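Let me begin by presenting the structure, written as C-alpha cells, before commenting on it.
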Amino acid sequence: METNHDQVFLEILRQEKNITNFLDAVFGFLSRCTDFYVKAGPQEKVGFPPGVIEKLVLTTLCKWKEKHSFRKSEDDSVNLSTISPVLHIPPPAEEIEIGSDESPQKDHTPIQQPSDSYNGAVRENYSWSQSISDLDVLIKVPSAVKKAKDLRVDITTNEIKIETRKHFLEDTNNIDLASNVSKEWMILFRSELCFKTKKDESVWSLVPGEHITIHLEKCEERWWQALIIGEPNIELNKINCSRNLDELCCRDQMKVQELMWNHQQKLLGKPTSEQTKMEEIFKKAWNAEGSPFKGTEYDPSIVNFN
Numbered sequence: 163m164e165t166n167h168d169q170v171f172l173e174i175l176r177q178e179k180n181i182t183n184f185l186d187a188v189f190g191f192l193s194r195c196t197d198f199y200v201k202a203g204p205q206e207k208v209g210f211p212p213g214v215i216e217k218l219v220l221t222t223l224c225k226w227k228e229k230h231s232f233r234k235s236e237d238d239s240v241n242l243s244t245i246s247p248v249l250h251i252p253p254p255a256e257e258i259e260i261g262s263d264e265s266p267q268k269d270h271t272p273i274q275q276p277s278d279s280y281n282g283a284v285r286e287n288y289s290w291s292q293s294i295s296d297l298d299v300l301i302k303v304p305s306a307v308k309k310a311k312d313l314r315v316d317i318t319t320n321e322i323k324i325e326t327r328k329h330f331l332e333d334t335n336n337i338d339l340a341s342n343v344s345k346e347w348m349i350l351f352r353s354e355l356c357f358k359t360k361k362d363e364s365v366w367s368l369v370p371g372e373h374i375t376i377h378l379e380k381c382e383e384r385w386w387q388a389l390i391i392g393e394p395n396i397e398l399n400k401i402n403c404s405r406n407l408d409e410l411c412c413r414d415q416m417k418v419q420e421l422m423w424n425h426q427q428k429l430l431g432k433p434t435s436e437q438t439k440m441e442e443i444f445k446k447a448w449n450a451e452g453s454p455f456k457g458t459e460y461d462p463s464i465v466n467f468n
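Residue numbers (my numbering): 163 to 468.
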C-alpha cells in the first residue's frame, strides 16, 4: 500500500520542483477539497476539534521518521557486514578496525577535542562524553598497538576491560604488572561503570597507535556524575542538559508542540486546547436533562474557562 501512489506523488514533485512547494501543494489540496481545516463543534460530524490536525500531522511525521531511521540502520548493518576485512563482531560488542598508513610517522600526541569530553571529563588515560541516553569513551593505547588482534575488549553491562599483548607494555610504567598473570596478555584498562549500560548495544573501534573509542547506550536516561567508580565527580549543574526536540519520543514531541500552541493561543488572546475541551463539555451539559439552561441558547459569556 505504501508505494501505490508513488508515481502520482513523483509527478507532483516533478512539477513543483522541490519539497517545500510539494508540501504546500498537499496542504493546499486539503484546504480546498477536504474538511481538514474545518473546526468541528461538539455535535458536528465535519472537520476536527481545535488542535487535532496539528497532532495528526506531527504523529504522521514521527511515524515515517521512525520508519526511515529503522531502514537506515538496517542498510548500515548490511553495508558493514560486507566489509569483513575491517569489521569484527566478537561478543558482546562490535569492533571496527580503522586502517593506518604503515609508513614511518612521527610520534605525536593527538590534540584533545572538546567533543571528547562534552558533558564529561578528561582523565589521565581516558576521556568521556555523554548525552542523556549514551556515552562515548576514548581510552589511550600504546603507540605500538596497530591491529585489533592486538587487543581483547570485554564490555559488560557494568564493566570495561581491555587487554593488550604484553610486549606492547614492557616499557609502560603505569601498568600494574602484579595484577597481570597471563604470559601473553596484560590488562590495559579495567574499571566498573557507575551505572549499567546496554551490553548488546556497545560498539568499539581502534584508532591505531592512539586510542580505542567505545560507544555505550545507557540503560536509563540520566546524567552521569562520573564514568567509573572512584573517579572524581563532575558538576552536573555546569553541563549542557538541553535536548533537541527531535531527540524526544513522538509522545513527548506532541506534548511540547501542544504547549507551544497553547502558549501562542494565550498570546493571541484565544482559548487553549484545555479551555476548548472545557467549553465543549459545558456546551453538552447546557441542554442536558436537569440543566437550568435547557432550552435556551448557549451563552459563553456567563462561563469562565480560565
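Glycine included, every Cβ here is placed at the ideal spot set by N, Cα and C.
Here the structure is a predicted model, which is why all the values come from computation and not from measurement.
Roughly how many angstroms lie between the CA atoms of residue i and residue j, to the nearest whole one?
i, j, result
"Phe-330", "Val-303", "9 Å"
"Trp-347", "Asn-281", "33 Å"
"Lys-358", "Phe-198", "47 Å"
"Lys-345", "Glu-286", "26 Å"
"Thr-326", "Val-315", "9 Å"
"Asp-269", "Ser-404", "Only weak support exists for where Asp-269 lies, its pLDDT of 44 falling under 50; the value from the coordinates is given anyway. About 39 Å."
"Pro-247", "Phe-184", "Model confidence at Pro-247 stands at a pLDDT of 36, short of 50, so the residue's coordinates are unreliable and nothing is read from them."
"Ala-117", "Gly-209", "This structure cannot settle anything about residue 117, because the visible part of the chain is limited to 163 through 468."
"Leu-220", "Phe-191", "18 Å"
"Gly-452", "Tyr-460", "15 Å"
"Asp-168", "Val-214", "27 Å"
"Gln-437", "Asp-414", "21 Å"
"Lys-445", "Leu-223", "33 Å"
"Val-299", "Ile-443", "55 Å"
"Phe-351", "Phe-189", "57 Å"
"Ala-447", "Ile-464", "14 Å"
"Ile-396", "Pro-370", "30 Å"
"Asn-424", "Glu-441", "15 Å"
"Gly-431", "Lys-439", "16 Å"
"Ile-349", "Ile-301", "13 Å"
"Glu-383", "Lys-227", "22 Å"
"Glu-393", "Asn-166", "57 Å"
"Ile-181", "Met-422", "25 Å"
"Pro-454", "Lys-229", "53 Å"
"Arg-176", "Cys-195", "22 Å"
"Val-365", "Ile-376", "6 Å"
"Leu-429", "Ser-435", "14 Å"
Which residues does DSSP list as the beta-bridge partners of residue i?
i, result
"Arg-504", "Residue 504 cannot be examined here, being either before or after the span of the chain that is shown, 163 to 468."
"Gln-292", "Leu-297"
"Arg-469", "In the structure as shown, the chain begins at 163 and stops at 468. Residue 469 is therefore absent and cannot be evaluated."
"Ile-390", "Leu-355"
Leaving out five residues before and five after residue i in sequence, what residues of the same chain have Cβ atoms less than 8 Å from its Cβ?
i, result
"Lys-217", "Met-416, Gln-419 and Glu-420"
"Glu-354", "Asn-320, Glu-321, Ile-390 and Ile-391"
"Lys-360", "Thr-319, Leu-378, Glu-379, Lys-380 and Cys-381"
"Trp-385", "Asn-281, Gln-292, Ile-294, Leu-398, Ile-401 and Cys-403"
"Gln-187", "Sequence inspection shows Ala at residue 187; the Gln mentioned does not correspond to that position. Ile-174 and Glu-178."
"Lys-225", "Cys-412"
"Pro-433", "Pro-212, Gln-427, Glu-441 and Phe-467"
"Gln-387", "Cys-356, Asn-395, Ile-396 and Leu-398"
Assuming residue i contacts residue j under a Cβ cut-off of 8 Å, what Cβ separation, rounded to an integer in Å, is found between them?
i, j, result
"Ile-317", "Ile-374", "Wrong, their Cβ atoms sit about 11 Å apart, outside the cutoff."
"Ser-289", "Asp-296", "15 Å between Cβ atoms; not a contact."
"Leu-368", "Ala-310", "5 Å"
Between which residues of its own chain and residue i is the CB-CB distance below 6 Å, once the five residues before and five after are set aside?
i, result
"Phe-171", "none"
"Pro-211", "Ala-202"
"Leu-313", "Thr-326"
"Lys-456", "Asn-449"
"Pro-462", "none"
Which stretch, first to last residue, makes up the alpha helix (DSSP H) that contains residue i?
i, result
"Ile-181", "181 to 195"
"Glu-436", "435 to 448"
"Leu-368", "Premise fails: Leu-368 lies in the beta strand (DSSP E), 365 to 369, not in any alpha helix (DSSP H)."
"Leu-421", "412 to 429"
Residue range of the beta strand (DSSP E) that residue i falls in?
i, result
"Val-315", "313 to 317"
"Leu-172", "Where Leu-172 is concerned, there is no enclosing beta strand (DSSP E), although the alpha helix (DSSP H) it sits in stretches over 168 to 178."
"Ile-376", "373 to 379"
Apart from the five residues just before and just after residue i, which ones in its own chain have a Cβ nearer than 7 Å to its Cβ?
i, result
"Glu-363", "Glu-379"
"Ser-193", "Tyr-199"
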